[in-house]
Every structure is written in C-alpha cells, then in structure tokens.
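*Asks:*
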Amino acid sequence: MLDPKLLRTDLYEVATQLLRRGFKLDTREFHSLEEQRKELQILTQQLQNERNTQSKGIGRAKSAGEDIKPLLDAVANIGDKLKTAQDKLGLIQQQLRRMLLDVPNLPHQSVPQGESEAQNREERLWGELPQFDFEAADHVDLGTAKGWADFDTAAKISGSRFVVLNGPLARMQRALIQFMLDVHTQQHGYVETYVPFLVNSSSLYGTGQLPKFEEDLFKVDSEPPLYLIPTAEVPLTNILRDEIIDDQDMPRRFVAHTPCFRSEAGSYGQDTRGMIRQHQFEKIEMVQAVRPAESEDVLEQLTAHAEVILQQLGLPYRVVTLCTGDLGFSASKTYDLEVWLPGQGKYREISSCSNFGDFQARRLQARWRNPESGKPELLHTVNGSGLAVGRTLVAVMENYQDKDGNIHIPEVLQPYMGGAEQL
RNA sequence: GGAGAAGUGGCCGAGCGGCUGAAGGCGCUCCCCUGCUAAGGGAGUAUGGGGUUAAUAGCUCCAUCGAGGGUUCGAAUCCCUCCUUCUCCGCCA
27 MLDPKLLRTD LYEVATQLLR RGFKLDTREF HSLEEQRKEL QILTQQLQNE RNTQSKGIGR
87 AKSAGEDIKP LLDAVANIGD KLKTAQDKLG LIQQQLRRML LDVPNLPHQS VPQGESEAQN
147 REERLWGELP QFDFEAADHV DLGTAKGWAD FDTAAKISGS RFVVLNGPLA RMQRALIQFM
207 LDVHTQQHGY VETYVPFLVN SSSLYGTGQL PKFEEDLFKV DSEPPLYLIP TAEVPLTNIL
267 RDEIIDDQDM PRRFVAHTPC FRSEAGSYGQ DTRGMIRQHQ FEKIEMVQAV RPAESEDVLE
327 QLTAHAEVIL QQLGLPYRVV TLCTGDLGFS ASKTYDLEVW LPGQGKYREI SSCSNFGDFQ
387 ARRLQARWRN PESGKPELLH TVNGSGLAVG RTLVAVMENY QDKDGNIHIP EVLQPYMGGA
447 EQL
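Using our numbering, you'd call the opening residue of the first sequence number 27 and step up by one each time.
1) Would you call the CB atoms of ARG34 and GLU65 closer than 8 Å?
2) Kindly indicate which three-state DSSP category GLU50 falls into: helix, strand or coil?
3) According to DSSP, simplified to helix, strand and coil, what is LYS359?
4) On a CA-only basis, which of GLY300, CYS379, LEU339 is nearest THR347? Give me that one, please.
5) So the beta strand (DSSP E) ILE310 belongs to, where does it begin and stop?
6) Identify the continuous alpha helix (DSSP H) that holds GLY169 and give its terminal residues.
7) Mind reading off the beta-carbon distance from VAL365 to ARG417? Whole number of angstroms is fine, and I expect it under 8 Å.
8) With a Cβ-Cβ cutoff of 8 Å, do MET27 and LEU155 count as a contact?
9) Would you kindly report the start and end of the unbroken alpha helix (DSSP H) that includes SER228?
10) Would you check if there are 3 or more beta carbon pairs closer than 8 Å linking the segment 151–168 to the segment 417–428?
11) So, at 6 Å on beta carbons, what are the nonlocal neighbours of ARG388 in its own chain, with the 5 sequence-adjacent residues on each side left out?
12) Can you tell me whether ASN75 is helix, strand or coil according to DSSP?
13) DSSP three-state label for SER321, please.
14) Out of curiosity, what's the CA-to-CA distance linking ALA315 and ILE183?
15) Judging by CA-CA distance, which residue of LEU339, MET301, LYS429 is the nearest neighbour of TRP174?
16) Output needed for THR110: all residues of its chain with C-beta closer than 8 Å, excluding positions within five of it in sequence on either side, in chain order.
17) Alpha carbon to alpha carbon, how far is PRO342 from LEU151? Give it in angstroms, no decimals.
18) Pick helix, strand or coil for GLY340, following the three-state DSSP scheme.
19) Measuring CA to CA, which of ALA41, LEU230, LYS372, PHE355 is closest to LEU252?
20) Alpha carbon to alpha carbon, how far is MET206 from GLY215?
21) With a threshold of 16 other CB atoms inside 10 Å of the CB of SER136, please say whether the residue is buried or exposed.
22) What residue from GLU39, THR350, CYS349, LEU363 has the CA that sits closest to GLU333's CA?
23) Smallest Cα separation from SER142: which of LEU353, VAL415, ASN409?
24) For PHE287, report the span of its beta strand (DSSP E) as first-last.
25) State the CB to CB distance for the pair GLU259 and GLU311, rounded to an integer number of angstroms; the pair is presumed to be in contact (CB under 8 Å).
26) Do VAL190 and ASP208 have their C-beta atoms within less than 8 Å of each other?
27) So, with DSSP's three-state summary, where would you put ARG299?
28) According to DSSP, simplified to helix, strand and coil, what is VAL190?
29) Per DSSP, what kind of secondary structure is PRO402 in: helix, strand or coil?
30) Would you decide whether THR360 is buried or exposed? Buried here means 16 or more other CB atoms lie within 10 Å of its CB.
31) Can at least three beta-carbon pairs, one atom from the segment 391–406 and one from the segment 268–287, be found at a separation below 8 Å?
32) Looking only at its own chain, which residues have a Cβ that is under 7 Å from the Cβ of LEU236, when we skip the five neighbours before and after it?
33) Between the Cα of VAL313 and the Cα atoms of HIS305, LEU266, GLN204, which residue gives the shortest distance?
34) Provide the residue span of the alpha helix (DSSP H) that contains LYS95, from first to last.
35) Can you tell me the Cα-Cα spacing of ASP106 and ASN264, whole angstroms?
36) Anyone know if the C-beta pair for MET125 and LEU449 falls short of 8 Å?
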C-alpha cells in the first residue's frame, strides 16, 4: 500500500508515476473521497470530544452528590449525531481503503519505461551456451523416454499441469533443494525456516496477493477460509506482520523450501507442455527485512545470492531488469534471472528478485525501531527465488543431456546423489 | 470433537462501570553518587490516526487493554459472537 499521506500531499505526482506502469489512478475519485473523509473525521472527533467532556462532568457531579439530571439532558442527542457521523465516516474510510489496496507500488526511478517484457533491460549474461552435435531434446522428451517424468499418470490423479517424478529424477529434485538450502544458509547467512503452506486471508493482504489476485490462488473451503501458498514469500514475510524489530536484530534473513500452488488462471494455452507452468511446484525463497536505507543494496546482494546457485550448477543465464509495464503489483524494482533452455532455444525465468520498499511493510505493519529517532518505522522487504526448483530441474536436464538421452549430474549435486555422475 | 480457565503496555502483573492510557515490578535510556565488576538515588520510557504547520518540530484532539458487535451520559471493567493460548478427556501422523 502506498502512503496515504503521500497521496494527499502529492496526488498528481503519484498519479504520473503510476502511469509509467500503466496504472490509471482515479485522482478525482480519490480527491472527492478524501474531502469527505476529512470533513466527517473532524466532525466525528469533535462530537467525541464533546461527549467525553460532558461524561466526565457527570461523573464528577455524581460523586459530589449533585443533581445530574440537567447534565444528562444536555448530552441526550450527542449519541445519535455521533452514531450517524461515525457510520458515514466508516463507509468513506472503507471506500478509501479499498481504493488504496488496489493501487500498485511506485516503480523505482531506475526501472526502464516499457509496456511488456519486450522492453525489459538485459543487464548481464553469464556462462557459455552448451553446444550439442545432435538435436537437443526438451525436458519432456528426456523425462518421459526414461520413465522419470510421467504427465499422464499425474493427469489421472489430479488433472493437467501436474507431474509425477520417478526414481533418479525425483531424487535430483530433492538434491537440488538440499543444495540450494545449504548454500543460502551456510554461505549467505539466511535462517532456514519451515512455514505453514495454508495461510489466512490477512497474510495474503499483507503481501499484496489479495484483494486483487484471488483468482490466482487455490482456496480451501474451511471456516475461516484458508489459501494454499502461491509462494513462501507469503508465510515468510508475514512472520514480520505487526512486529517491531530491534535495530540489533536487523536485518532478518529467511530462507525456506516449500511447495507453491497457483491456479494459473488466465494462462491457458501458455506453457501447456511439460513442467514449466504447473499448479504445484517446489521453490526455495529468500526473504529479507532490512533498514530502509539498505534495501537497494540488498536487492543487488540477494540477486547475486540467486545467481550463485546457477553459477555453481553451471547453468547459463541472463539478468534482466523488468520494465515498468512488466513489474509485479507490489514491487518497486525487479530483476529476473532467466536460465538458458536448449530444448526451447531461449532464456526462461527461473528467479524473480524484488525490492518492495515499504509497500508490503505498510500493509503488514512490519516495523523496526530506528535507533536515531527511537521510534518504530516501516521497514523494507526484499525477496527472491533462490531458485524455482522445478524449472532448475528442467534446466539441468536440458543443459546436461547427451545424445543417448542420459542426464549428467552437475558436480556440486553429486554429493547429494550418492556420488553418481549421471541419472 | 467434549469440559474448564485465560487473553491488559517490550516483558511480568494490578484493576473488574466515571478521578485509569492504565498501579506496581522487570527491562531499557539519561543524570547523580560510589568506586571495582556489583550496588544506591533521581528522571524518562505504548501505538495508530486527525487538525494546525514548511516540518517526520511544537501545540491540540481522537482511537486503541485479543477481534468485532451491543448496553450506558460514560466500558479494560457488564452482555453477545468469533479468534488464540493453557489444562483435562477423546481421537490421531
């Protein structure tokens, strides 16, 4: 959520910046609601003040043994007036809140202008593209040929966009998870965290999935309703909700492996083949809560943490800065890591690292105590995948294949696979 | 799932219709004393919001004692619903 004060003082500047990412803020509507809010809030508080003062007088008079009847008559109609004022105010505030919850974050000034991923800016390339003296197969053919990946059985059990992994490939997925967690905990200073996979709606409001993107989520029909997490970002970031963190405990760094569940509404026809876009996939997520002055640097560091995984696995990739039009709702700046997939002959997203500034923190009321002011202030959140495990599995299969359809195991993964060199 | 108890400031804990935004303690910050590893004295110490303002400075008002409703001139205190925690029973990986 954006700072309501900023919208009040600098409405047109905010609207201009939002336009950069293609969001049209209804400044007229906001202005009108804000005027009404101000008027009603002043009135409400005046009435409350009057009632409080009168009631205190009644208390004093009563204990002094005086006749309170005339005092009671004097307050008689305050109650009704107050009630109607409060009701109206509540309504306006609700509308304002609804409106603010639908407004995306402001793009950082370094974010390139653009409408779609075509305008994303390539920052750097890493690694040599593998050369094959045969036609590179894609992961579906590689996986099904050996019976390691079974999409038909998954469809029988659950439906489309699921997979059953067998034997060595299932094991390699587990190896990747172990490897990534070990790197982030041992080399990058993250605390390994195990979190709930079902979360309440407050948590999803906190990180920005609700109220706008409910159709992307799987909802469990319980009382109260729960949602399957679309990413570990939700439970990890909500650890901070309604907390005030001491300066000495900053920054907080969490890493978790969880399954992620996405309904993929609106993506019909896209990536229907294979494991690229599934309803359920494994992901390693890094989340940091940092001092506001540090978040820009931390985004660079966290992105590098994700890159280390790709580098150690020997997977060629590139880093792009998302343009304003491709930026996620809550993010102010995002780097995507795109891994090379020989089977598709292109780079595909495998990690997304974002700085959210105080956007999530405001919704979450996640704060730290600034030692300079001694006051609680909104902290900044930065997160990124490190990495999407399913897609990493795909990338290893396609980059490490040979002409016989065998998959060679990257060296760093071999200790996690009993020393084996190929699947 | 059944029965009972409880949820108060960073923490512990009193209050159980008005003088309580909240006693007391712990912790923390600052000052003084003392001097050698620990103690004594004093002061301060919740959060959010509104108005005013150049101001995230002052001043002022409002709200908040798990959450939401209600009763009342007035609610941390009374009533209702929900949530969470604890104890016992049942069930269970």
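Note that the Cβ used here is the ideal one computed from N, Cα and C, for glycine as well.
*Replies:* Well, looking at it:
1) In the first sequence, counting from the first residue as 1, residue 34 sits at position 8. In the first sequence, counting from the first residue as 1, residue 65 sits at position 39. Not a contact, by the Cβ cut-off of 8 Å.
2) Looking up residue 50 in the first sequence gives position 24. Position check: residue 50 holds Lys in this sequence, whereas Glu was assumed. LYS50 falls in the coil class under three-state DSSP.
3) Within the first sequence, residue 359 is the residue found at index 333, counting from 1. Looking at LYS359 - three-state DSSP - the assignment turns out to be strand.
4) For the purposes of this step, residue 347 is taken as residue 321 along the first sequence, with counting starting at 1. Ranked by Cα distance from THR347, the options GLY300, CYS379, LEU339 are led by CYS379.
5) One-based indexing of the first sequence puts residue 310 at position 284. If you look at ILE310, you'll find it in the beta strand (DSSP E) that goes 306–316.
6) Locating residue 169 in the first sequence gives position 143, counting from the first residue. GLY169 -> alpha helix (DSSP H) spans 165–171.
7) In the first sequence, residue 365 corresponds to position 339, counting from 1. In the first sequence, residue 417 corresponds to position 391, counting from 1. A Cβ-Cβ distance of about 7 Å is found for the pair VAL365 and ARG417, placing them in contact under the 8 Å criterion.
8) As a working mapping, residue 27 is identified with position 1 in the first sequence. As a working mapping, residue 155 is identified with position 129 in the first sequence. No. Outside cutoff.
9) For this step, residue 228 is matched to residue 202 along the first sequence. Its alpha helix (DSSP H) spans residues 227–233.
10) Yes, the segment 151–168 is in contact with the segment 417–428.
11) Start at 1 with the first residue of the first sequence, and residue 388 comes out as number 362. Once the five neighbours on either side are set aside, the close Cβ partners of ARG388 are MET27, LEU404.
12) The residue given as residue 75 occupies position 49 in the first sequence. ASN75: helix per DSSP, three-state reduction.
13) Against the first sequence, residue 321 aligns to sequence position 295. Secondary structure of SER321 (DSSP, three-state): helix.
14) Within the first sequence, residue 315 is the residue found at index 289, counting from 1. Within the first sequence, residue 183 is the residue found at index 157, counting from 1. Straight-line Cα distance between these residues: approximately 40 Å.
15) If you number the first sequence from 1, residue 174 lands on position 148. When the alpha-carbon of TRP174 is set against those of LEU339, MET301, LYS429, the nearest one is in MET301.
16) What you label residue 110 is simply residue 84 of the first sequence in a count that begins at 1. So the list is empty, once near-sequence residues are dropped.
17) Position 125 of the first sequence, counted from the first residue, corresponds to residue 151. Position 316 of the first sequence, counted from the first residue, corresponds to residue 342. Cα-Cα distance, rounded: 8 Å.
18) Residue numbering aside, residue 340 sits at position 314 when the first sequence is read from its first letter. DSSP places GLY340 outside both helix and strand once states are collapsed to three, so it counts as coil.
19) Taking the first residue of the first sequence as 1, we reach residue 252 at position 226. Looking at ALA41, LEU230, LYS372, PHE355, the one whose alpha-carbon comes closest to that of LEU252 is LEU230.
20) Here residue 206 is taken as the residue at index 180 of the first sequence, counted from 1. Here residue 215 is taken as the residue at index 189 of the first sequence, counted from 1. If you draw a straight line from the Cα of MET206 to the Cα of GLY215, it comes to about 13 Å.
21) One-based indexing of the first sequence puts residue 136 at position 110. Residue environment for SER136: exposed (fewer than 16 other C-beta atoms within 10 angstroms of its C-beta).
22) On the first sequence, position 307 is the one that residue 333 refers to. Nearest option by C-alpha distance: LEU363.
23) Numbered from its first residue, the first sequence carries residue 142 at position 116. Just measuring C-alpha positions, the residue of LEU353, VAL415, ASN409 sitting nearest SER142 is LEU353.
24) Mapped onto the first sequence, residue 287 falls at position 261. Counting along the chain, the beta strand (DSSP E) containing PHE287 begins and ends at 278–287.
25) By 1-based counting over the first sequence, the position of residue 259 is 233. By 1-based counting over the first sequence, the position of residue 311 is 285. That belief holds up - the Cβ atoms of GLU259 and GLU311 are roughly 6 Å apart, short of 8 Å.
26) Indexing the first sequence from 1 puts residue 190 at position 164. Indexing the first sequence from 1 puts residue 208 at position 182. No.
27) Here residue 299 refers to the residue found at position 273 when the first sequence is read from its first residue. If DSSP states are grouped into helix, strand and coil, ARG299 belongs with coil.
28) On the first sequence, position 164 is the one that residue 190 refers to. DSSP places VAL190 in the strand class (E or B) of the three-state scheme.
29) The residue given as residue 402 occupies position 376 in the first sequence. Strand at PRO402.
30) Taking the first sequence and counting its residues from 1, the one referred to as residue 360 is at position 334. When all chains shown are included, THR360 counts as buried.
31) Yes, the segment 391–406 touches the segment 268–287.
32) Counting from 1 along the first sequence, the entry for residue 236 is found at position 210. Take LEU236, set aside five residues on each side of it, and the residues of its chain with a beta-carbon closer than 7 Å to its own are SER227, LEU230, in chain order.
33) Taking the first residue of the first sequence as 1, we reach residue 313 at position 287. Nearest to VAL313 by C-alpha distance, out of HIS305, LEU266, GLN204, is LEU266.
34) Residue mapping note: residue 95 aligns to position 69 of the first sequence, counting from 1. From DSSP, the alpha helix (DSSP H) with LYS95 extends over 95–101.
35) Counted from its first residue, the first sequence places residue 106 at position 80. Counted from its first residue, the first sequence places residue 264 at position 238. Each residue's CA atom was taken as its position, placing ASP106 and ASN264 some 40 Å apart.
36) To locate residue 125, count along the first sequence from 1; it is residue 99. To locate residue 449, count along the first sequence from 1; it is residue 423. No. Outside cutoff.
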